[in-house]
Amino acid sequence: MDYNAAKLFIAVVQTGSLSSASEKTGIPISTLSRKMNELEQRLRVQLLERSSQGVKPTYKGQQFFEQARLGLELLDDAQKAVQSEHKLQGKLRISIPPNFPLWWDLLTEFQRQYPDIQVFCHASERVVDLFEDGIDVALRMGDLHTDNVIAKKIMNVATCLVASPKLLDRFGYPTTLAELADFPLATWENINNGAFEWQFGAEKITFEPIFSTNNVEGLFHYALNSMGVSQLLDILVTPYVERGELVQLLPDLHAQSLPLHLVYARHKHPSTIVRTYIDFCFEWIQSRHFK
Numbered sequence: 005m006d007y008n009a010a011k012l013f014i015a016v017v018q019t020g021s022l023s024s025a026s027e028k029t030g031i032p033i034s035t036l037s038r039k040m041n042e043l044e045q046r047l048r049v050q051l052l053e054r055s056s057q058g059v060k061p062t063y064k065g066q067q068f069f070e071q072a073r074l075g076l077e078l079l080d081d082a083q084k085a086v087q088s089e090h091k092l093q094g095k096l097r098i099s100i101p102p103n104f105p106l107w108w109d110l111l112t113e114f115q116r117q118y119p120d121i122q123v124f125c126h127a128s129e130r131v132v133d134l135f136e137d138g139i140d141v142a143l144r145m146g147d148l149h150t151d152n153v154i155a156k157k158i159m160n161v162a163t164c165l166v167a168s169p170k171l172l173d174r175f176g177y178p179t180t181l182a183e184l185a186d187f188p189l190a191t192w193e194n195i196n197n198g199a200f201e202w203q204f205g206a207e208k209i210t211f212e213p214i215f216s217t218n219n220v221e222g223l224f225h226y227a228l229n230s231m232g233v234s235q236l237l238d239i240l241v242t243p244y245v246e247r248g249e250l251v252q253l254l255p256d257l258h259a260q261s262l263p264l265h266l267v268y269a270r271h272k273h274p275s276t277i278v279r280t281y282i283d284f285c286f287e288w289i290q291s292r293h294f295k
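For the sequence shown, the residue numbers in my numbering are 5 to 295.
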């Protein structure tokens with residue numbers, strides 16, 4: 005197998021055209037074209053479909069791309085392991101939900117322990133395509149509805165109701181969910197234009213919010229600034245509750261918990277760096293007594 009030809013093929017597939025691959029690699033288009041033809045002749049199979057719009061892999065080409073990329077990553081890992089005297093070096097591309105402060109603390113500790121790993125963190129509410137977006141590991145909440153990823157559950161998260169002590173001094177401390185109807189309530193925006201409601205097990209309240217948004221940070225600051233009661237993730241508010249800046253309301257109510265997973269592509273064997281990151285996340289979460 006020609007190592008360099010495989011690297012060039014990967015660059016062509018990732019960029020979608022010979023001209024873009026030429027810019028990325030610094031190799032002339034004519035040379036790239038010749039290398040791709042030679043690779044197809046050597047393997048006796050068509051790897052690329054060529055058109056005026058660019059190139060894309062055939063079915064066999066996609067299979068070759070995935071396996072070649074995996075093989076080259078493993079070779080790179082082996083080379084770095086030998087050259088770095090057992091220090092992990094390389095790149096880690098991850099995706100996390102936005103406004104997830106727990107993970108910023110985790111990543112800080114991770115890079116302190118592994119300072120030679122470059123971390124590229126994409127924070128987005130969009131469910132990224134691990135293959136198309138070049139993501140090694142993604143953090144996903146809730147049930148997974150895809151078979152093309154391997155998921156490692158690291159904890160459960162649940163929502164809780166919180167308010168500031170100042171707000172409670174004004175409105176009192178509710179003892180039932182129904183009593184919250186007299187409070188200013190902040191919640192997620194309702195894109196379906198239906199009724200706003202909070203449900204905890206068999207108990208439910210329907211209400212008109214004083215404030216709604218699609219942003220976690222907005223709900224958090226609304227509660228912290230004594231503007232209303234917000235429903236937020238327990239892992240987000242726990243430090244503020246412990247410091248007395250927020251108060252958890254009706255703690256005996258049981259909200260539905262959601263699993264939190266780290267996922268990576270099923271077809272892609274995890275690199276040493278990816279395995280190290282996943283193990284670190286699991287141990288870091290467990291050390292803080294999250295379950």
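Beta carbons are placed, not taken as given, at the ideal position from N, Cα and C, and that holds for glycine.
Please report how far the alpha carbon of Phe284 lies from the alpha carbon of Thr217, in whole angstroms.
In a straight line, the C-alpha of Phe284 is about 33 Å away from that of Thr217.
Hey, quick one: how far does the alpha helix (DSSP H) through Ser23 stretch, first residue to last?
Note, Ser23: alpha helix (DSSP H), Leu22 to Thr29.
Buried or exposed for Trp202, please, with buried defined as at least 16 other CB atoms from any protein chain shown within 10 angstroms of its CB.
Trp202 should be labelled buried.
Given Glu297, which residues of its chain have a CB within under 7 Å of its CB, disregarding the five upstream and five downstream residues?
Since the first residue of the chain shown is 5 and the last is 295, residue 297 is not available in this structure.
Going straight from the alpha carbon of Lys64 to that of Glu70, what length do you get?
One C-alpha to the other measures close to 10 Å.
By alpha-carbon positions, which one of Ala142, Arg270 and Ile289 ends up nearest to Asn160?
Among Ala142, Arg270 and Ile289, the Cα nearest to that of Asn160 is on Ile289.
My guess is that Ile33 and Leu22 are in contact by the Cβ rule of under 8 Å, so how many angstroms apart are they, rounded?
Contact holds; Cβ gap of about 5 Å.
When you compare the stretch 177 to 194 with the stretch 212 to 227, are there three or more beta-carbon pairs, one atom per stretch, that lie closer than 8 Å?
Cβ pair count under 8 Å is three or more, so yes.
Classify Phe124 as buried or exposed, calling it buried when 16 or more other Cβ atoms lie within 10 Å of its own Cβ.
Flag for Phe124 reads exposed.
So, does the stretch 117 to 135 touch the stretch 94 to 102, judging by three or more C-beta pairs under 8 Å?
Touching, per the Cβ criterion.
Hey, Arg97 and Val267 are a contact pair by Cβ (cut 8 Å); roughly how many whole angstroms apart?
Not a contact, Cβ separation roughly 13 Å.
Leaving out five residues on either side along the sequence, give the residues of the same chain with a beta carbon under 6 Å from the beta carbon of Val17.
The answer, listed in chain order, is Pro61 and Phe69.
Applying the criterion that 16 or more other CB atoms from any shown protein chain within 10 Å of the CB defines a buried residue, is Ala206 buried or exposed?
Answer is exposed; the Cβ neighbour count stays below 16.
Please determine, among Ser261, Ala227, His273 and Pro263, the residue with the shortest C-alpha to C-alpha distance to Lys253.
According to the sequence as given, residue 253 is Leu; it is not Lys. If we check each option's Cα against that of Leu253, Ala227 comes out closest.
Rank Arg247, Leu51 and Asp133 by C-alpha distance to the C-alpha of Val153 and give the top, closest one.
When each option's Cα is compared against that of Val153, the closest is Asp133.
Considering only the beta carbon of each residue, do Gln122 and Lys95 sit closer than 7 Å?
Yes, these two residues count as a Cβ contact at 7 Å.
Would you mind reading off the limits of the beta strand (DSSP E) that contains Lys156?
That run of the beta strand (DSSP E) goes Val153 to Val161.
For the alpha helix (DSSP H) containing Val16, list its first residue and its last residue.
Tyr7 to Thr19 is the span of the alpha helix (DSSP H), which, as asked, contains Val16.
With a CB to CB cut of under 8 Å and the five nearest residues on each side skipped, what residues in its chain are close to Ser37?
Here the set comprises Leu22.
Between Ile277 and Leu110, what straight-line distance do the alpha-carbon atoms span, to the nearest angstrom?
Rounded to the nearest angstrom, the two C-alpha atoms are 16 Å apart.
So the alpha helix (DSSP H) Arg279 belongs to, where does it begin and stop?
Its alpha helix (DSSP H) spans residues Thr276 to Ser291.
Cα separation between Val260 and Ala162?
Note that residue 260 is Gln in the sequence shown, not Val. Going by the C-alpha atoms only, they are around 6 Å apart.
By the DSSP assignment, the alpha helix (DSSP H) with Gly94 in it spans what residues?
Not the alpha helix (DSSP H): Gly94 falls in the beta strand (DSSP E), residues Gly94 to Ile100.
What span of residues does the beta strand (DSSP E) with Thr217 cover, start to end?
Taken as a continuous stretch (DSSP letters only), the beta strand (DSSP E) holding Thr217 covers Phe215 to Thr217.
Output the residue ranges of the beta strand (DSSP E) runs that lie fully inside the stretch 127 to 153 and measure 3 residues or longer, sorted by chain position.
Segments of the beta strand (DSSP E) lying fully in the stretch 127 to 153: 141 to 145.
Do Thr167 and Val251 have their CB atoms nearer than 7 Å?
Contrary to the premise, residue 167 reads as Ala rather than Thr in this sequence. Their beta carbons are under 7 Å apart, which means Ala167 touches Val251 by this criterion.
Can you tell me which of Asp80, Phe114 and Leu171 puts its alpha carbon nearest to the alpha carbon of Glu249?
Of Asp80, Phe114 and Leu171, the residue nearest in Cα terms is Leu171.
What would DSSP say about Gly205, mapped onto helix, strand or coil?
Three-state DSSP puts Gly205 in coil, outside helix and strand.
Select from Phe286, Arg270, Arg292 and Glu287 the residue whose C-alpha is nearest the C-alpha of Ile139.
Taking only the C-alpha atoms, the option nearest Ile139 is Arg270.
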